[in-house]
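Numbering (the working numbering), first residue to last: 1 to 137. Yeah, the Cβ is synthetic: ideal placement off N, Cα and C, and Gly gets one too. What follows is a short report on a single structure.
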């Protein structure tokens, strides 16, 4: 018997795992893209849903990577959050052809939508728990 994580192990995972990974990655692009698409529609800028999701993903990955590299320099550690936000907004506005103000408003509105939905579902889950979770009084 070979090692547990050999190359053939990942091949043996099969087609169902490939489908699962593709669906998961698609959802990771489309769900955040929906909130950005919705916030852009609210401020009057129409963009395709998939383009919004890909722009969000690319902006996040690029900002996270550059911020990670900059955070290795000790004097810049305190500036890392500001650098991340500015880089995210810049990449986001460049990919979606927006201005600074429209990009900022779109990001703030999408974050607000996510926070509102989280609060609503948290409230519902606090008072109406699923049947498989025992109630403790």
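Residue nearest to residue 54 within the set 64, 46, 62 and 33 is 33 (criterion: CA-CA distance). Selection 73, 50 and 103 evaluated against residue 89 yields 103 as nearest (Cα-Cα).
In the DSSP assignment, residue 89 falls within the unbroken alpha helix (DSSP H) covering 80-96. Rounded to whole angstroms, the separation of the alpha carbons of residue 132 and residue 56 is 36 angstroms.
By a beta-carbon distance limit of 8 angstroms, residue 87 contacts residue 66. Their separation comes to about 6 angstroms. Contact annotation, residue 38 with residue 113: C-beta distance approximately 6 angstroms; criterion of less than 8 angstroms satisfied.
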